[in-house]
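Comments concern the structure below.
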């Protein structure tokens, strides 16, 4: 900043004063303003990282809490049956991990087999065919929705059976409890995801199949039976538990008949088109 010696007018640059027109060749340059500008600039640059660090810290704390909870359930699965609404967020996270890992494991397995097949065709028909992949969004999203519908059916079946006991359990409570008890099976799907990337058909289908059977058919009965025992009411807990699993099976059957079969037919037509090459 240049200060005019005649009228003390301040300006950034120039040979003559913009106020009185005096020659600024002998004017004094102020050493104060640049340091002030640097302080303001430094302050503006340090405010944003502090805000970002707070969000990052909260995210790390959330992940750490969920990881500790998941490890506790893996060590002692019965711990998942002790909380309801308090485990709502953990239950939602587990359900998301379950269905995402389930869908991705099957997609990566199918894509691995497809690329292997197309790689073989590429040896006959030229370069480039082996680099093709299955459409990610169309297939992975369909698998994601199928798995989500299966889990939702199991949750609704458990909720309906518990409500028949006249138990004051909210829908958030059943999501928290059911989502927590399937943590071991979400872990199985994550392992299946690794096997899917490796192209292991047997291990991928084994882990996803077992996780699906336990989650859809067995866990509703366990959740309902545990709730009936804790309620202390004179209810037929065995029949209600079996009924919850039967209702879950019915929902799975309807989803398979209305959506999964048509999806498999489309995939079969797609594979038949490959046989023409």
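Numbering (the UniProt record's numbering), first residue to last: 1 to 277. Ideal placement from N, C-alpha and C gives every residue a C-beta, glycine not left out. In this text the structure is predicted, and so the values were computed from the model without any measurement.
Other residues of its chain near residue i: CB distance less than 7 Å, five sequence neighbours each side excluded
i: residue 214; result: 185
i: residue 235; result: 165 and 228
i: residue 258; result: none
i: residue 59; result: none
i: residue 141; result: none
i: residue 148; result: 99
i: residue 123; result: Unreliable placement is indicated for residue 123, whose pLDDT of 49 sits below 50; no coordinate value is reported for it.
Other residues of its chain near residue i: CB distance less than 6 Å, five sequence neighbours each side excluded
i: residue 150; result: 216 and 252
i: residue 139; result: 107
Buried/exposed call for residue i, threshold 16 Cβ in 10 Å
i: residue 168; result: exposed
i: residue 226; result: buried
i: residue 111; result: buried
i: residue 88; result: buried
i: residue 135; result: exposed
i: residue 70; result: buried
i: residue 221; result: buried
i: residue 250; result: exposed
i: residue 189; result: buried
i: residue 177; result: buried
i: residue 94; result: buried
i: residue 137; result: exposed
i: residue 32; result: Bear in mind that the predicted position of residue 32 carries a pLDDT of just 46, short of 50, making it too unreliable to give a figure here.
i: residue 7; result: exposed
i: residue 179; result: buried
i: residue 198; result: exposed
i: residue 102; result: buried
i: residue 238; result: exposed
Collapsed DSSP secondary structure at residue i in the structure displayed
i: residue 64; result: helix
i: residue 132; result: coil
Terminal residues of the alpha helix (DSSP H) in which residue i lies
i: residue 222; result: 219 to 231
i: residue 184; result: 183 to 198
i: residue 140; result: 136 to 163
i: residue 245; result: 237 to 255
i: residue 201; result: 201 to 213
Beta-carbon contacts of residue i that lie in its chain and below 8 Å, excluding the five residues immediately before and after
i: residue 76; result: none
i: residue 175; result: 88, 91, 92, 95 and 155
Residue i CB to nearest heavy atom of the ligand ATP below 7 Å
i: residue 116; result: The ligand content of the structure shown is nil, which means the ligand ATP is not present either.
At least 3 beta-carbon pairs within less than 8 Å: the segment 215 to 231 vs the segment 191 to 206: No: the two stretches stay apart, fewer than three of their Cβ pairs being nearer than 8 Å.
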